[in-house]
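**Q** Numbering (our numbering), first residue to last: -17 to 397. All residues carry an ideal CB built from backbone N, CA and C; glycine is no exception.
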Amino acid sequence: MTYSPATFSAPRLSPPPRLLMGPGPINCYPRVLAAMSNQLIGQYDPVMTGYMNEVMALYRQVFNTQNKQTLLIDGTSRAGIEAVLISCIEPGDKVLVPVFGRFGHLLKEIAERAGADVHTIEVEWGEVFTPEQIEEAIKRVRPKVLAVVQGDTSTTMLQPLEHLGEICRRYDVLFYSDATASIGGNAFETDVWQLDAVSVGLQKCLGGPSGSAPITLSDRYVEVVRKRHHVEAGIRTDQHTEGKGSRIGSNYFDIPMILDYWGEERLNHHTEATSMLYCARECAINLLEEGQENVIARHKLHGDAMLAGIQGLNLQPFGDLKHKMHNVVGVYIPEGVHGDALRGQMLNDFNIEIGTSFGPLHGKIWRIGTMGYNARKDAVLHTLQSLETLLRRAGHKLSPGEGVDAALAHYASQA
Ligand SMILES: Cc1ncc(COP(=O)(O)O)c(C=O)c1O
-17 MTYSPATFSA PRLSPPPRLL MGPGPINCYP RVLAAMSNQL IGQYDPVMTG
33 YMNEVMALYR QVFNTQNKQT LLIDGTSRAG IEAVLISCIE PGDKVLVPVF
83 GRFGHLLKEI AERAGADVHT IEVEWGEVFT PEQIEEAIKR VRPKVLAVVQ
133 GDTSTTMLQP LEHLGEICRR YDVLFYSDAT ASIGGNAFET DVWQLDAVSV
183 GLQKCLGGPS GSAPITLSDR YVEVVRKRHH VEAGIRTDQH TEGKGSRIGS
233 NYFDIPMILD YWGEERLNHH TEATSMLYCA RECAINLLEE GQENVIARHK
283 LHGDAMLAGI QGLNLQPFGD LKHKMHNVVG VYIPEGVHGD ALRGQMLNDF
333 NIEIGTSFGP LHGKIWRIGT MGYNARKDAV LHTLQSLETL LRRAGHKLSP
383 GEGVDAALAH YASQA
């Protein structure tokens, strides 16, 4: 339809009041939504650069790091991944990616596009790697970079990272992790675990929308990418010296230039996405005010209650539960139930979204999240109650009331 001024009448935007209980995105914390609606200010307004510095300090706390270079990449989580990988990988560099789900494949693909010689090791979806498996592969491949996902939402598994930093230091490997899906709801210790680069997003346990990718970079990582520092023409001055390394293959994701913008020089690069910066700032404050440990404990409490409820509904959880993320559970779709049809009914009749799955798990499991603002008792109970109704009507054998009762029993046991 074309609009002319005389007939112009577009309906007001009015998204339905969904409860987002999938693997992300989830409903935003109301204070995060409110923060985004603040008026814009100029890029070099001292108030704005003050906010940028504040965001750096806040995310140092979120990542548990002293890394000076802790900042936002504008774009969704994969913008953070691309920036980190394309800036440190020179064509032909070896990169090792342990793949235990869809997002390991994404790291592989992004590293390949950056020209890396990528080596992978794989486990079945639903499992994670031991440090010994990763060390053995590092010894064999001798990569420049180890790139590993912490929490892979496609399988709901959480890869333990705590022993990998020490291994990477021993073999002089840069250690990068994508913690998009896990940060905030599961422990993450950048410095203690000796990570060199981490990237995340806001739309999972941090309780914001997608569109900003916080990253943190060690001095070791920064030293590597600084060798590829080439300031773009038009803003380059005689004071700038060219790095000896090859020019980074992306202007937008060129970390040395982005650091010049976030640093004292404030050298122009992109126009910072101001509303997303407001939002990222609020997500961090929200987390730190409640207390990181309390937020992780809340994700564990509601994640375990959801798991108990799922089992109470006579459903089978997916994967190695010892390594499940706190914030999402995979659930086998029972025999005789049409997975997508039931998800459609959850959405249309109950306004509740639960997740489908990818690759080898497509059509086999649903993924149900309890994260950020939705890591709440009422959200868990409404989801279980609605699921019970639809499962019963689809012919799945269950004892009415047992899903919600099992979740309530879990809450009572933790009170
Ligand atoms: C572990 C992980 N990495 C990366 C992404 C990609 O994030 P985005 O869609 O924000 O680019 C996701 C999204 O679900 C994710 O779970």
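Under 8 Å, with one C-beta from each stretch per pair, do the segment 69 to 86 and the segment 40 to 58 reach the 3-pair mark?
**A** The segment 69 to 86, when compared against the segment 40 to 58, does not touch it at the 8 Å Cβ threshold.
**Q** Quick one: is Val66 buried, meaning 16 or more other Cβ sit within 10 Å of its Cβ, or exposed?
**A** As a first step, residue 66 is located in the sequence shown; it is residue number 84 there, counting from the start. With 16 or more Cβ atoms within 10 Å of its Cβ, Val66 is classed as buried.
**Q** Name the one or two DSSP bridge partners that Leu199 has.
**A** Locating residue 199 in the sequence shown gives position 217, counting from the first residue. Bridge partners of Leu199: Gln51, Ala179.
**Q** With C-beta atoms as the reference, is Leu400 less than 8 Å away from Leu366?
**A** The structure shown does not extend to residue 400, since the chain is modelled only from -17 to 397, so the question has no answer here.
**Q** Within its chain, find whatever has a CB closer than 7 Å to the CB of Arg13; leave out the 5 residues flanking it on each side and keep chain order.
**A** To locate residue 13, count along the sequence shown from 1; it is residue 31. Once the five neighbours on either side are set aside, the close Cβ partners of Arg13 are Glu264, Asn268.
**Q** Please determine, among Phe111, Gly62, His251, the residue with the shortest C-alpha to C-alpha distance to Gly216.
**A** On the sequence shown, residue 216 is found 234 positions in, with the first residue counted as 1. Of Phe111, Gly62, His251, the residue nearest in Cα terms is His251.
**Q** Roughly how many angstroms lie between the CA atoms of Met18 and Gly193, to the nearest whole one?
**A** Numbered from its first residue, the sequence shown carries residue 18 at position 36. Numbered from its first residue, the sequence shown carries residue 193 at position 211. Cα-Cα distance, rounded: 12 Å.
**Q** Would the C-beta of Gln185 count as close to ligand 1, meaning under 7 Å from any of its heavy atoms?
**A** The residue you call residue 185 lines up with position 203 of the sequence shown. Yes, the beta carbon of Gln185 sits closer than 7 Å to at least one heavy atom of ligand 1.
**Q** Quick check on Asp322: buried or exposed, where buried means 16 or more other Cβ atoms within 10 Å of its Cβ?
**A** Taking the sequence shown and counting its residues from 1, one reaches residue 322 at position 340. So Asp322 ends up on the exposed side.
**Q** What do you get for Pro5, buried or exposed, if any count of 16 or more other CB atoms within 10 angstroms of its CB means buried?
**A** Residue mapping note: residue 5 aligns to position 23 of the sequence shown, counting from 1. Looking at its Cβ environment, which holds 16 or more other Cβ atoms inside 10 Å, Pro5 is buried.
**Q** List the DSSP bridge partners of Asn35.
**A** Counting from one through the sequence shown, the residue named residue 35 turns up at place 53. Answer by DSSP bridge pairing: none, since Asn35 is not bridged.
**Q** I want to check one thing, is the minimum distance from the CB of Thr371 to the heavy atoms of ligand 1 below 7 Å?
**A** The residue you call residue 371 lines up with position 389 of the sequence shown. Outside the cutoff, so no.
**Q** Could you tell me whether any non-hydrogen atom of ligand 1 is closer than 7 Å to the CB of Gly6?
**A** Here residue 6 refers to the residue found at position 24 when the sequence shown is read from its first residue. Correct: Gly6 has its Cβ closer than 7 Å to ligand 1.
**Q** At a cut-off of 7 Å, would you count Leu54 as near ligand 1, judging by its Cβ distance to the nearest heavy atom?
**A** In the sequence shown, residue 54 corresponds to position 72, counting from 1. Every heavy atom of ligand 1 is 7 Å or more from the Cβ of Leu54, so no.
**Q** If you draw a straight line from the C-alpha of Thr112 to the C-alpha of Lys76, how long is it?
**A** Position 130 of the sequence shown, counting from 1, holds the residue named residue 112. Position 94 of the sequence shown, counting from 1, holds the residue named residue 76. Spanning the two alpha carbons is a distance of roughly 21 Å.
**Q** Mark Arg151 as exposed unless 16 or more other C-beta atoms lie within 10 angstroms of its C-beta, in which case mark it buried.
**A** Indexing the sequence shown from 1 puts residue 151 at position 169. When all chains shown are included, Arg151 counts as exposed.
**Q** My output table needs one value for Ala391: the three-state DSSP class, helix, strand or coil.
**A** Your numbering for residue 391 matches position 409 in the sequence shown. Reduced to three states, the DSSP call for Ala391 is helix.
**Q** In angstroms, rounded to a whole number, what distance separates the CA positions of Glu247 and Pro73?
**A** Here the question's residue 247 lines up with position 265 in the sequence shown. Here the question's residue 73 lines up with position 91 in the sequence shown. Cα-Cα distance, rounded: 29 Å.
**Q** Extract the residue ranges of the beta strand (DSSP E) inside the segment 179 to 256, only unbroken runs of 3 or more that lie entirely within it.
**A** Whole beta strand (DSSP E) segments, 3+ residues: 179 to 181, 194 to 199.
**Q** Out of curiosity, what's the CA-to-CA distance linking Arg375 and Asn330?
**A** Counted from its first residue, the sequence shown places residue 375 at position 393. Counted from its first residue, the sequence shown places residue 330 at position 348. About 15 Å.
**Q** Check whether the Cβ of Arg418 sits closer than 7 Å to any heavy atom of ligand 1, and report yes or no.
**A** An answer regarding residue 418 cannot be provided, because it is not within the stretch -17 to 397 covered by the chain.
**Q** In this structure, how does DSSP classify Phe82 when only helix, strand and coil are distinguished?
**A** Translated into the one-based positions of the sequence shown, residue 82 becomes position 100. Three-state result, Phe82: coil.
**Q** Are the CB atoms of Met405 and Thr138 nearer to each other than 8 Å?
**A** What is shown of the chain runs -17 to 397, which leaves residue 405 out entirely.
**Q** Which residues bound the alpha helix (DSSP H) around Asp302?
**A** Stepping through the sequence shown from its first residue, residue 302 is reached at position 320. Looking at the DSSP string, Asp302 is not in any alpha helix (DSSP H), and its letter there is neither H nor E.
**Q** Use the C-beta contact count for Asn49: other C-beta atoms within 10 angstroms, 16 or more gives buried, fewer gives exposed.
**A** To locate residue 49, count along the sequence shown from 1; it is residue 67. Its Cβ being crowded by 16 or more others within 10 Å, Asn49 is buried.
**Q** Could you name the residues of the same chain whose beta carbon sits closer than 6 Å to that of Leu53, not counting the 5 residues immediately before and after it, in chain order?
**A** To locate residue 53, count along the sequence shown from 1; it is residue 71. Result list for Leu53: Met38, Trp244, in chain order.
**Q** If you draw a straight line from the alpha carbon of Leu22 to that of Pro142, how long is it in whole angstroms?
**A** Locating residue 22 in the sequence shown gives position 40, counting from the first residue. Locating residue 142 in the sequence shown gives position 160, counting from the first residue. For Leu22 and Pro142, the distance between alpha carbons rounds to 40 Å.
**Q** Please indicate yes or no: does the CB of Gly167 lie closer than 7 Å to some heavy atom of ligand 1?
**A** Reading the sequence shown from its first residue, position 185 is the one you call residue 167. No, since every heavy atom of ligand 1 falls outside the 7 Å radius drawn around the Cβ of Gly167.
**Q** Would you call Ser339 buried or exposed, if buried means 16 or more other Cβ atoms sit within 10 Å of its Cβ?
**A** Counting from one through the sequence shown, the residue named residue 339 turns up at place 357. When all chains shown are included, Ser339 counts as buried.
**Q** Hey, is Ser232 close to ligand 1, as in C-beta under 7 Å from one of its heavy atoms?
**A** The count along the sequence shown starts at 1 and reaches residue 232 at position 250. No, ligand 1 has no heavy atom inside 7 Å of this Cβ.
**Q** Check whether the Cβ of Ala398 lies closer than 7 Å to any heavy atom of ligand 1, and answer yes or no.
**A** Outside the displayed range of the chain (-17 to 397) lies residue 398, so it cannot be described from this structure.
**Q** Is His320 buried or exposed, if buried means 16 or more other CB atoms sit within 10 Å of its CB?
**A** The sequence position of residue 320 within the sequence shown is 338, counting from 1. His320 is exposed by the Cβ-count criterion.
**Q** His344: buried (16+ other C-beta within 10 angstroms of its C-beta) or exposed?
**A** Translated into the one-based positions of the sequence shown, residue 344 becomes position 362. By the 10 Å Cβ count, His344 comes out exposed.
**Q** Could you tell me the distance, in whole angstroms, from the CA atom of Ala(-8) to the CA atom of Met30?
**A** One-based indexing of the sequence shown puts residue -8 at position 10. One-based indexing of the sequence shown puts residue 30 at position 48. Distance between the alpha carbons of Ala(-8) and Met30: 34 Å.
**Q** Excluding the 5 residues flanking Gln25 on each side, which residues of the same chain have their C-beta closer than 7 Å to its C-beta?
**A** In the sequence shown, the residue the question calls residue 25 occupies position 43. Excluding positions up to five away in sequence, the list reads Thr253, Glu254.
**Q** In the DSSP assignment, what residue or residues form a beta bridge with Ala129?
**A** The count along the sequence shown starts at 1 and reaches residue 129 at position 147. In the DSSP output, where bridge partners are listed per residue, Ala129 has Tyr158.
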